[in-house]
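One structure below.
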Ligand SMILES: NC(=O)c1ccc[n+]([C@@H]2O[C@H](COP(=O)([O-])OP(=O)(O)OC[C@H]3O[C@@H](n4cnc5c(N)ncnc54)[C@H](OP(=O)(O)O)[C@@H]3O)[C@@H](O)[C@H]2O)c1
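Residue numbers (this note's numbering): -10 to 273.
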């Protein structure tokens, strides 16, 4: 089975590469912007017809949340228009589209883990463009799965885990917000879940939406303390409020995702968040 990975040089794409040898029945085709710029509809169409993937895992995205506030047009082009391109081309060749979205489609005013049926209300440019991407999948893909995830980190690229380790080594003290609560997600766990559900997902038609993060709940402060402790670094982590660390993009103060649907439908087990943080740090 041929599986096309777009944006394969990012966190999720790279973790799929690492896991690929455990899936000998899958023939992976890795692309990033240099091989396949997903904003170019003609190129996408041509590539799909030439290579005929049965599954597309879209790992490509504009993920610079704060930068998106001043460049929403580019974020929209990559997170929405390009997703429309992929969805249309996937439909033409009868392929399954697996698209990744975000907890930032929610406003964060809930106090219960968000279900797939809960109302969306993005508060940032990034969140708006990702929601537009979900809508493009629903409108243009015949066979698709959308998976919303949160607080992604991995052994690759820049992410919170690596930033905490870097600054933790350089400084005696770090201030981290404790009034934003969610769940860190190890891109390797998400990558495995995606690859594991493919055979069943191929049987399905229409578009289905799922939530996936690691298990448990944490604030960024808890996350930072765990990273520092597992890294054996001596650095004091101080809790602060979001208002004392202003950033261009608004972040949901609560974005825990309810994962019952994906667990029940595909019978998958999800690791606890700090167990996965430990695994990632051991690989760094
Ligand atoms: N990171 C998070 O905390 C987080 C949280 C929730 C959901 N998500 C979602 O999870 C998915 C994976 O995120 P990630 O952190 O793995 O992303 P990432 O590390 O930023 O990787 C995205 C990849 O897409 C590439 N790309 C950008 N524009 C492209 C284009 N026009 N054509 C082809 N490739 C292009 C990027 O290249 P450049 O690096 O050169 O731009 C990069 O290699 C995304 O859908 C993201 O929205 C992420």
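Here a beta-carbon is modelled for each residue, glycine too, at the ideal position from N, C-alpha and C.
Bounding residues of the beta strand (DSSP E) (the contiguous stretch that carries residue i)
i, result
"residue 65", "Unbroken run through residue 65 is the alpha helix (DSSP H), 61 to 65; no beta strand (DSSP E)."
"residue 127", "It is not in any beta strand (DSSP E) - residue 127 instead sits in the alpha helix (DSSP H) that spans 114 to 129."
"residue 326", "Nothing about residue 326 can be read from this structure; the chain reaches only from -10 to 273."
For residue i, three-class secondary structure by DSSP
i, result
"residue 19", "strand"
"residue 161", "coil"
"residue 54", "coil"
"residue 35", "helix"
"residue 204", "strand"
"residue 100", "coil"
"residue 245", "coil"
"residue 231", "helix"
"residue 47", "strand"
"residue 238", "coil"
"residue 195", "strand"
"residue 186", "helix"
"residue 85", "strand"
Check whether residue i and residue j have beta carbons under 8 Å apart
i, j, result
"residue 176", "residue 201", "no"
"residue 215", "residue 174", "no"
"residue 2", "residue 39", "no"
"residue 136", "residue 90", "yes"
"residue 44", "residue 87", "yes"
"residue 113", "residue 193", "no"
"residue 229", "residue 157", "no"
"residue 297", "residue 165", "In this structure the chain extends from -10 to 273, so residue 297 is not present and cannot be described."
"residue 68", "residue 53", "no"
Pairwise C-alpha distance: residue j and residue i
i, j, result
"residue 125", "residue 196", "11 Å"
"residue 261", "residue 204", "4 Å"
"residue 116", "residue 10", "34 Å"
"residue 172", "residue -10", "32 Å"
"residue 190", "residue 84", "11 Å"
"residue 253", "residue 221", "37 Å"
"residue 109", "residue 146", "29 Å"
"residue 55", "residue 236", "7 Å"
"residue 251", "residue 180", "14 Å"
Residues bridged to residue i (per DSSP)
i, result
"residue 174", "141"
"residue 13", "For residue 13, which the question treats as bridged, DSSP gives no partner whatsoever."
"residue -9", "16"
Delimiting residues of the alpha helix (DSSP H) encompassing residue i
i, result
"residue 81", "71 to 82"
"residue 265", "262 to 272"
"residue 1", "0 to 8"
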